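Visitor: Residue numbers (the working numbering): 7 to 226.
Okay, here's the thing in structure tokens:
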């Protein structure tokens, strides 16, 4: 199933996962779910029944619904992809509404892109708002195990040899760094305050740029 209807299903299961985060054992009443999603209760009831027929929700009329095991996996996956999208937008020189944009992006993230984002963004327990990022599914985790994740410069320990992998900065910052030899593929040493280049030049990086300079630790 593709298109907008699939996105509606994703939104319902993602919202059910949010309710689960707050009260794992509690059933969600149709009216509460409808209010959160901004839809009419009748529309919510119809979708809940549809998802229940596919064993994604356990629905009891007049009592509410809760996620089945399959529904939990799907809802958790959507929430993880949403919060990864917010992490990505936070690392970019992006001036729009990150939450609204992440809501659109999450539906375009497939398994391959989730793996790539997980590697690129590195290990984060929370999104930029401090909300927990759900664990990767077993299928995604099996692809991540043993694979080197990138780290932003602000997360690199001092005296660590690294390879520059990505510059998620605006044009002027990228130009400034590249003029001084900092670009993807270049090996440097981070001494905790500056990048030490191959010719032993020390390049102090604007602290505001550190989050957007992604590195791979050499020897990981």
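Positions of the beta carbon are idealized from the N, C-alpha and C atoms, including for glycine.
Computed from a prediction, not measured in an experiment: that's the story for all the values here.
1. Please state the DSSP three-state secondary structure of residue 154.
2. Tell me which residue opens and which closes the beta strand (DSSP E) that residue 72 is part of.
3. Of all the beta strand (DSSP E) runs that stay within the bounds of the region 137–220, which reach a length of 3 or more residues?
4. Taking all protein chains shown into account, decide if residue 108 is buried (16 or more other Cβ within 10 angstroms of its Cβ) or exposed.
5. Note down the Cα distance separating residue 64 from residue 183, rounded to an integer number of angstroms.
6. If we count Cβ pairs, one from each stretch, closer than 8 Å, do we get three or more for the region 138–156 versus the region 99–106?
7. Using C-beta distances below 6 Å, list every residue in its chain close to residue 39, excluding the 5 sequence neighbours before and after it, in chain order.
8. Between the alpha carbons of residue 209 and residue 201, how many angstroms are there, rounded?
9. Any contact between the region 169–181 and the region 189–203? By contact I mean 3 or more CB pairs, one from each, below 8 Å.
10. I'd like the ranges of any alpha helix (DSSP H) spanning at least 4 consecutive residues and lying wholly in the region 10–42.
11. When burial is assigned at 16 or more other CB atoms within 10 Å of the CB, is residue 157 buried or exposed?
12. Is the number of C-beta pairs between the region 73–87 and the region 19–37 that are closer than 8 Å three or more?
13. In chain order, what residues of the same chain have a beta carbon less than 7 Å from the beta carbon of residue 8, not counting five sequence neighbours either side?
14. Measure the Cβ-Cβ separation of residue 127 and residue 211 and say whether it is below 8 Å.
15. Which value, in whole angstroms, describes the spacing of the CA atoms of residue 12 and residue 155?
16. Taking a contact to mean a Cβ-Cβ separation below 8 Å, would you say residue 123 touches residue 150 in this structure?
17. Provide the residue span of the alpha helix (DSSP H) that contains residue 118, from first to last.
18. Let me confirm a value: residue 147 is counted as buried when at least 16 other C-beta atoms fall within 10 Å, else exposed. Which label applies?
19. Which whole-angstrom value is the C-beta distance of residue 220 and residue 98, which I expect to be below 8 Å?
20. Compare the beta carbon distance of residue 101 and residue 84 with 8 Å and say whether it is the shorter of the two.
21. From the DSSP output, read off the bridge partner residues of residue 64.
22. Following the continuous alpha helix (DSSP H) through residue 107, name the residue where it begins and the one where it ends.
Guide: According to the structure data:
1. Indexing the chain shown from 1 puts residue 154 at position 148. In the structure shown, the three-state DSSP call for residue 154 is coil.
2. In the chain shown, the residue the question calls residue 72 occupies position 66. Start and end: 70–73.
3. Runs of the beta strand (DSSP E) spanning 3 or more residues and lying entirely within the region 137–220 occur at 166–173, 193–196, 200–202 and 208–210, in chain order.
4. On the chain shown, position 102 is the one that residue 108 refers to. Residue burial annotation: residue 108 is buried, with at least 16 other C-beta atoms found within 10 angstroms of its C-beta.
5. Residue 64 sits at position 58 when you count from the first residue of the chain shown. Residue 183 sits at position 177 when you count from the first residue of the chain shown. Rounded to whole angstroms, residue 64 to residue 183 spans 54 Å at the Cα level.
6. By the Cβ rule, the region 138–156 does not count as touching the region 99–106, because fewer than three pairs are nearer than 8 Å.
7. Working through the chain shown from its first residue, we reach residue 39 at position 33. 50, listed in sequence order.
8. Taking the chain shown and counting its residues from 1, the one referred to as residue 209 is at position 203. Taking the chain shown and counting its residues from 1, the one referred to as residue 201 is at position 195. One Cα belongs to residue 209, the other to residue 201, and the distance between them is close to 5 Å.
9. Put simply, the region 169–181 touches the region 189–203. At least three CB pairs are less than 8 Å apart.
10. Here the runs fully enclosed are 10–28.
11. Sequence index remark: in the chain shown, residue 157 carries index 151 (1-based). By the 16-neighbour rule on beta-carbons within 10 angstroms, residue 157 is buried.
12. Touching, yes, given that three or more Cβ pairs across the two stretches are closer than 8 Å.
13. On the chain shown, position 2 is the one that residue 8 refers to. A caution first: residue 8 carries a pLDDT of 49, below 50, which makes its placement in the model too unreliable to give a value.
14. Position 121 of the chain shown, counting from 1, holds the residue named residue 127. Position 205 of the chain shown, counting from 1, holds the residue named residue 211. Result no, Cβ atoms of residue 127 and residue 211 do not sit closer than 8 Å.
15. For this step, residue 12 is matched to residue 6 along the chain shown. For this step, residue 155 is matched to residue 149 along the chain shown. When rounded, the distance between both Cα atoms is 31 Å.
16. The count along the chain shown starts at 1 and reaches residue 123 at position 117. The count along the chain shown starts at 1 and reaches residue 150 at position 144. No, the Cβ-Cβ distance between residue 123 and residue 150 is not below 8 Å.
17. Numbered from its first residue, the chain shown carries residue 118 at position 112. Start and end: 117–127.
18. Residue numbering aside, residue 147 sits at position 141 when the chain shown is read from its first letter. The residue in question, residue 147, is exposed, as its Cβ has fewer than 16 Cβ neighbours within 10 Å.
19. As a first step, residue 220 is located in the chain shown; it is residue number 214 there, counting from the start. As a first step, residue 98 is located in the chain shown; it is residue number 92 there, counting from the start. In fact, because the Cβ distance is near 11 Å, the residues do not count as touching under 8 Å.
20. Stepping through the chain shown from its first residue, residue 101 is reached at position 95. Stepping through the chain shown from its first residue, residue 84 is reached at position 78. For residue 101 and residue 84, no; Cβs fall outside 8 Å.
21. For this step, residue 64 is matched to residue 58 along the chain shown. DSSP output for residue 64 lists 72 as bridge partner(s).
22. In the chain shown, residue 107 corresponds to position 101, counting from 1. It spans 104–111 - the alpha helix (DSSP H) in which residue 107 sits, taken as one unbroken run.
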